[in-house]
Structures are given as C-alpha cells and as structure tokens.
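**Student:** Chains as they are written, first to last, in my numbering: chain A, 320 to 558; chain B, -16 to 288.
Virtual Cβ for every residue (Gly too), placed ideally from N, Cα, C.
So, in structure tokens, the structure goes:
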C-alpha cells in the first residue's frame, strides 16, 4: 500500500470516500473490490450504497443507524483485513465481441493518422490489451476501461457527436468504453459491440462490474449480425 | 386500472418516491423526490409508508380527474389549488369523490408541490423504485422515465374517507428569503483548496442559473480560479458542490451522474437540498460551512420518533 493511504475523507452528511492509492493499479482495484464486498456484509442495513471508482470507494450509509466515526472504524478494520490476508481477489475475465471496421468505427482513420499506424495496427493494439473495469457511471452500464496502449491514445472529438449508437466501442485519451445506449458523446469510435450492455429488466443488468477484466474479440460483419447487431447501425446511424 | 386521469400534465409532473438506492455501482442514479421534506409530509398526512409514490409537480398546471373515491394530501410550494370549483388549502388532506377535478394553478412561492394518495400511487418498480429519471429513461408509469402525459392513468386504490388532517403552519416550508443560507458539510477536496478560494466561495452571493434542473444547479458568481486541478473520477454524493474548470460551482442533485472528475468542496446538508428544490433560477444563495458532527446531530434530532 502506498504511503499515507488509505485516506478516509468525509464526503457528505451520510457518505465517506476512501482513497486507496495515488494512482489506479490492479492491486488498488482488487482492494476496492474486497473492501466493497466485505463492507456489504459487515454493515448490512447500515449501508445504503457503494460507488467504486479508479482509486476510490464512496461509502453511503444511514446516519440514523451509524455515525461517521464508527463508519471510519469499520472501513479501516475492513481494509486491515485485506492487508492481513493479502490475497488478490479472483477477478473475472469477460470477453466481448467487437466488429472493428471503417463502417462501424468511423474514427479508426483519425486514430491511424494521429498515430502514424495503419487501421489494422490500431485494431490490433486495441484488442490485444486486457482492460480493467475501473468505474461505471456517466450513464447506467457505461464502464470506464483502462488503459489503452499509449500509441492509440486519442483526445476526444472537438465537437461531440449528437448520436453515438448503442454498442459503440470508443477511445478517449487512454480510456476505452462501450456506449450501453444511444447518446451524445465525444469519444473516438473504433467499432461496434452487438451485445446488449445494460438491461434494466434482466439480471445481471450488465455483463461486467467494476474490477472485472475485459478482452475484446474481433468479429466480422456476418458475425456481428448473427450476434444480434443491427444492419441499421452500420448505415448512417453515427451522426 | 383506475385512479387519477391526467387531463393536463402541467409544466413537468413526475412520479417520485424516496429514490433508487443500491445500484449506484451500475451507474444508476438515485432520483427521488427533490424536496424530501414536503414529500415526507404528504405521505404522513395520508398515513402512508414513508416510501409511498407521490406526484412531484413543477411550477403547476397539472389537472387530474379522480376515477374513484379516496383521500389525497398536497404539500410543498404555494400553488393555488382547486377541487372542482372550490379553492382549497395546501398542507392538508382532501376527501375526493369519483369525478372530482383537481387543478393546480401556477406557484406563487416555491416551485415544487407534492400530491400523495392514501395507500400510495401504484406504478411498476424498476431497481426498487418508481422514481422517474428522464435522463436515464428509468421509472415512472411506463418504467421508461417519461413525465406524466395527457391521458395517463395514475393508478391507486380507492380508500374510505377519513378525518381530515393538516400540518401545523410552523412546519410548512418557508420561501422567499432574500438570500437563502445553504449549509454545506465540508469534505471531499476541501482541504486542498487555498484559504483565498474558500473565503471567496463562502463570501459570494450566488445566483441560480436558468440552466439548472434535478440533475444539478449551476451557480453564477465571480469565477474561482482553479487552474491546475487534475483528478480521477470518483463517486458523487447527493448535494456535492463541484467546481469545474470555469470556476462556477455546480450543486449535484437527485438526478446527478454517479461519478465525476471535478474537485468538490463538500455536500449540501439534506435539509437545505429540500430548500433548493423550492428555489427557481434567479434566486440567490450563500453557502455556510457545516460540520459532520452538527449535520448528524441535527438529523438525529429531526428524525421522526
């Protein structure tokens, strides 16, 4: 654990934020996942919600049932338990199919020009990394994955698009993500994933959770359609 | 399905309960009644469970027609209310017959009213709540995050008429203070701001920008210089006061995004979030620092016994 960490800081009348390290890393992710899981059991009804992110965990609690000093103690005891065991959490690897192509990834050429690589090399570099799910937010099911190879890191578009289709796989700086639903967005689109990434009606609501590892598997146009991808998304949907 | 037929949805009327908890890690926000104080009183007047669904009426204009006999309660903003041809009071219950028309005029003070029905509004629940979050397309009558529309039926059970109840005047919301004082529990990156930035923040009379909604209130005032503040996205609590690059604070409210990467000075005390819910753009506010000890003690004291 880095020096001075964990830091336990008041966030609001009923929440406390824990910082685990200066920068995110896989050990930090394991520690956040462990702390979140143990706190759920330890606190029971005293706990209202948890928001894990890159290097932090926001713990929201019921202040009528537990005070801020007690919650800090519970958090510290939990983290100390992790130190004693020092066992890495078993993180899952989730494989997600992606149809990479200029028709499904209109920014591939931009990234190729920016990096001096070919489109094929950009695709190759994007899919060879095993990413970590650092956080979910922005919209339900939107997972922030890191980190992309620095050769294909790419700043956001100067003007965000009005319409990024559901399933768009995109890059912003060294982050990558899949848009779970159609929305405006300024990330660079490299492909489309045919799998639905957020379903409010069905369990599990999303195939991935914070701390999971993600591997993208390249598929062709036919496979994209077979897996439920829509032809419509390939023609003129990206505006 | 019977209950109340929406004759006119008004400006923006939403089904709300206490909110959606337990799914923030999927990126699902809380939503929920913006003024939890008035919402709580509306349900208490109807002898409902504290999480029963209500209608949150923004500014006014809502007209409902009852299809059954029941009791309702209305709290929150001062809106002229008519049942059929009679003007009726706010902060009390009203016995309703099938065929009655309930019409809300436009708010004269405050901006959000709450209508509760005996037994609560019946609507499908998604992620443990019926709260409507338009931005996430979640909740409400269709579960798709739509505000009430003309012709919708807001379902409820009929209920026998019982003794009318009202809230003593000293417990009604207070409006129209010249400059509202908003208590903020200091926290998050507070210690990393300079003394100069913090003094400026607490000394400023901010104006609520027209670009404000249930997601967040943008504030207008002299910009605070925050150049060079880089940080990683992290979980956002209800009421968090963030300072984006332009140095104008934003208070993140019930429909906020669950994570964000701007530095924050702390979070508005929940009793003052209820106050914000009743403040329209153009109103002024000033922040006052509040400690976690003060906040939690006050919450304990105000909790229904």
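(1) Pull up the CB-CB distance for residue 8 (chain B) and residue 369 (chain A), whole angstroms please, since I reckon it's below 8 Å.
(2) For residue 76 (chain B), does the three-state DSSP call read helix, strand or coil?
(3) Give every residue of the same chain whose Cβ lies closer than 6 Å to the Cβ of residue 466 (chain A), excluding the five residues on either side of it in the sequence, and list them in chain order.
(4) By the 8 Å beta-carbon criterion, what residues does the stretch 149 to 162 of chain B contribute toward chain A?
(5) Between the stretch 223 to 232 of chain B and the stretch -15 to 1 of chain B, can you find at least three pairs of beta-carbon atoms closer than 8 Å?
(6) For residue 339 (chain A), decide whether its Cβ has a neighbour in chain B, counting only Cβ atoms nearer than 8 Å.
(7) Could you compute how far the alpha carbon of residue 509 (chain A) sits from the alpha carbon of residue 83 (chain B)?
(8) Could you please tell me which residues of the stretch 198 to 226 of chain B, in chain order, have their CB closer than 9 Å to any CB of chain A?
(9) Only counting the same chain, and skipping five residues up and downstream in sequence, which positions put a Cβ closer than 8 Å to that of residue 483 (chain A)?
(10) Should residue 455 (chain A) be flagged as near chain B, meaning a C-beta pair shorter than 8 Å?
(11) Would you mind sorting residue 419 (chain A) into buried or exposed? The rule is 16 or more other CB atoms within 10 Å of its CB.
(12) Counting only the same chain and skipping the five closest in sequence on each side, list residues whose C-beta sits under 8 Å from that of residue 20 (chain B).
(13) For residue 241 (chain B) versus residue 53 (chain B), is the C-beta distance shorter than 8 Å?
(14) Can you give me, in chain order, the residues of the stretch 8 to 38 of chain B that have a beta carbon less than 7 Å from any beta carbon in chain A?
(15) Taking only the alpha-carbon atoms, compute the straight-line gap between residue 216 (chain B) and residue 67 (chain B) and give it to the nearest angstrom.
(16) Can you give me the C-alpha to C-alpha distance between residue 104 (chain B) and residue 79 (chain B), rounded to a whole angstrom?
(17) How would you call residue 31 (chain B), buried or exposed, if buried means at least 16 neighbouring beta carbons within 10 angstroms?
(18) Please state the DSSP three-state secondary structure of residue 133 (chain B).
(19) Closest to residue 163 (chain B) by C-alpha separation, out of B:187, B:171, B:142, would be which residue?
(20) Specify the secondary structure class of residue 155 (chain B) as computed by DSSP and reduced to three states.
(21) Can you tell me where the beta strand (DSSP E) holding residue 273 (chain B) begins and where it ends?
(22) When the distance is taken between beta carbons, is residue 471 (chain A) closer than 8 Å to residue 537 (chain A)?
(23) According to the Cβ coordinates, are residue 42 (chain B) and residue 86 (chain B) closer than 8 Å?
(24) In the DSSP assignment, what residue or residues form a beta bridge with residue 492 (chain A)?
(25) Which of helix, strand or coil does DSSP assign to residue 480 (chain A)?
(26) Would you identify the three-state DSSP class for residue 448 (chain A), choosing helix, strand or coil?
(27) Residue 241 (chain B) touches chain A at which residues, Cβ-Cβ below 7 Å?
(28) Go through its chain and collect everything with a Cβ distance to residue 340 (chain A)'s Cβ below 6 Å, but skip five positions before and after it.
(29) By alpha-carbon positions, which one of A:361, A:444, A:453 ends up nearest to residue 464 (chain A)?
(30) In its own chain, which residues sit with a C-beta less than 6 Å from the C-beta of residue 248 (chain B), not counting the 5 before and 5 after it?
(31) Any beta-carbon of chain B closer than 8 Å to the one on residue 347 (chain A)?
(32) Am I right that residue 46 (chain B) and residue -9 (chain B) are in contact with their C-beta atoms under 8 Å? What's the rounded C-beta distance?
(33) Do residue 236 (chain B) and residue 130 (chain B) come within 8 Å of each other at the CB atom, strictly closer than that value?
(34) According to DSSP, is residue 48 (chain B) helix, strand or coil?
(35) Could you check where the beta strand (DSSP E) with residue 412 (chain A) kicks off and where it finishes?
(36) Can you find the residues in the same chain that come closer than 8 Å, C-beta to C-beta, to residue 149 (chain B), ignoring five residues on each side of it along the sequence?
**Tutor:** The structure says:
(1) Stepping through the second chain from its first residue, residue 8 (chain B) is reached at position 25. Stepping through the first chain from its first residue, residue 369 (chain A) is reached at position 50. Yes, they are in contact, since the Cβ atoms of residue 8 (chain B) and residue 369 (chain A) sit about 6 Å apart, within 8 Å.
(2) Residue 76 (chain B) sits at position 93 when you count from the first residue of the second chain. The answer is strand: DSSP assigns residue 76 (chain B) an E or B state.
(3) Indexing the first chain from 1 puts residue 466 (chain A) at position 147. Scanning its chain for C-beta atoms nearer than 6 Å, with the 5 sequence neighbours on each side dropped, one finds around residue 466 (chain A) the residues 493, in chain order.
(4) Listed by position, the residues of the stretch 149 to 162 of chain B near chain A (Cβ gap below 8 Å) amount to none.
(5) Too few Cβ pairs lie closer than 8 Å, so no.
(6) As a first step, residue 339 (chain A) must be located in the first chain, where it is residue number 20. For residue 339 (chain A), the nearest beta carbon of chain B is not closer than 8 Å to its own beta carbon.
(7) Within the first chain, the letter at position 190 stands for residue 509 (chain A). Within the second chain, the letter at position 100 stands for residue 83 (chain B). Their Cα atoms are separated by approximately 57 Å.
(8) Across the stretch 198 to 226 of chain B, CB contacts with chain A closer than 9 Å involve 215, 216, 217, 218, 219, 220, 221, 222, 223, in sequence order along the chain.
(9) Locating residue 483 (chain A) in the first chain gives position 164, counting from the first residue. The residues are 489, 498, 501, 502, 503, 504, 506, 508, 557.
(10) Within the first chain, numbered from 1, the residue matching residue 455 (chain A) stands at position 136. Judged by the 8 Å Cβ criterion, residue 455 (chain A) is in contact with chain B.
(11) Counting from one through the first chain, the residue named residue 419 (chain A) turns up at place 100. Its Cβ being crowded by 16 or more others within 10 Å, residue 419 (chain A) is buried.
(12) Looking up residue 20 (chain B) in the second chain gives position 37. Excluding residues within five positions, the ones whose Cβ falls inside 8 Å are 156, 254, 257.
(13) Taking the second chain and counting its residues from 1, one reaches residue 241 (chain B) at position 258. Taking the second chain and counting its residues from 1, one reaches residue 53 (chain B) at position 70. No, Cβ-Cβ distance for residue 241 (chain B) and residue 53 (chain B) is not below 8 Å.
(14) If the cut-off is 7 Å between Cβ atoms, the stretch 8 to 38 of chain B has 8, 9, 10, 11 near chain A.
(15) Residue mapping note: residue 216 (chain B) aligns to position 233 of the second chain, counting from 1. Residue mapping note: residue 67 (chain B) aligns to position 84 of the second chain, counting from 1. Taken atom to atom, the span from the alpha-carbon of residue 216 (chain B) to that of residue 67 (chain B) is near 52 Å.
(16) One-based indexing of the second chain puts residue 104 (chain B) at position 121. One-based indexing of the second chain puts residue 79 (chain B) at position 96. Looking at the two C-alpha atoms, the distance is approximately 15 Å.
(17) Indexing the second chain from 1 puts residue 31 (chain B) at position 48. Burial of residue 31 (chain B) is indicated by the presence of at least 16 other C-beta atoms within 10 angstroms of its C-beta.
(18) Here residue 133 (chain B) refers to the residue found at position 150 when the second chain is read from its first residue. Note: residue 133 (chain B) maps to coil in three-state DSSP.
(19) By 1-based counting over the second chain, the position of residue 163 (chain B) is 180. The closest CA to that of residue 163 (chain B), considering only B:187, B:171, B:142, is found on B:187.
(20) Here the question's residue 155 (chain B) lines up with position 172 in the second chain. Three-state DSSP puts residue 155 (chain B) in coil, outside helix and strand.
(21) Residue 273 (chain B) sits at position 290 when you count from the first residue of the second chain. 267 to 273 is the extent of the beta strand (DSSP E) around residue 273 (chain B).
(22) Taking the first residue of the first chain as position 1, residue 537 (chain A) is located at position 218. Taking the first residue of the first chain as position 1, residue 471 (chain A) is located at position 152. In this structure, residue 471 (chain A) does not lie closer than 8 Å to residue 537 (chain A) by Cβ.
(23) Start at 1 with the first residue of the second chain, and residue 42 (chain B) comes out as number 59. Start at 1 with the first residue of the second chain, and residue 86 (chain B) comes out as number 103. In terms of Cβ geometry, residue 42 (chain B) and residue 86 (chain B) do not form a close pair [threshold 8 Å].
(24) On the first chain, position 173 is the one that residue 492 (chain A) refers to. The secondary-structure analysis by DSSP pairs residue 492 (chain A) across a beta bridge with A:473.
(25) As a first step, residue 480 (chain A) must be located in the first chain, where it is residue number 161. If DSSP states are grouped into helix, strand and coil, residue 480 (chain A) belongs with the strands.
(26) Reading the first chain from its first residue, position 129 is the one you call residue 448 (chain A). Coil, per DSSP.
(27) Here residue 241 (chain B) is taken as the residue at index 258 of the second chain, counted from 1. Going along chain A in sequence order, the residues near residue 241 (chain B) (Cβ under 7 Å) are 370, 456.
(28) Looking up residue 340 (chain A) in the first chain gives position 21. Sequence-distant partners of residue 340 (chain A) (beyond 5 residues in either direction) whose C-beta falls short of 6 Å from its own C-beta, in its chain, are 321, 324, 347, 374.
(29) By one-based count along the first chain, residue 464 (chain A) stands at place 145. Of the listed residues, the one whose Cα sits closest to residue 464 (chain A) is A:453.
(30) Numbered from 1 along the second chain, position 265 holds the residue referred to as residue 248 (chain B). Within the same chain, 173, 224 come within 6 Å of residue 248 (chain B) by CB-CB distance, once the 5 residues on both sides are set aside.
(31) The sequence position of residue 347 (chain A) within the first chain is 28, counting from 1. Output row for residue 347 (chain A): interface = no.
(32) Sequence index remark: in the second chain, residue 46 (chain B) carries index 63 (1-based). Sequence index remark: in the second chain, residue -9 (chain B) carries index 8 (1-based). Contact annotation, residue 46 (chain B) with residue -9 (chain B): C-beta distance approximately 4 Å; criterion of less than 8 Å satisfied.
(33) Stepping through the second chain from its first residue, residue 130 (chain B) is reached at position 147. Stepping through the second chain from its first residue, residue 236 (chain B) is reached at position 253. Contact: no.
(34) Against the second chain, residue 48 (chain B) aligns to sequence position 65. It is a strand residue.
(35) Position 93 of the first chain holds residue 412 (chain A). 412 to 419 is the extent of the beta strand (DSSP E) around residue 412 (chain A).
(36) To locate residue 149 (chain B), count along the second chain from 1; it is residue 166. Here the set comprises 28, 72, 74, 75, 76.
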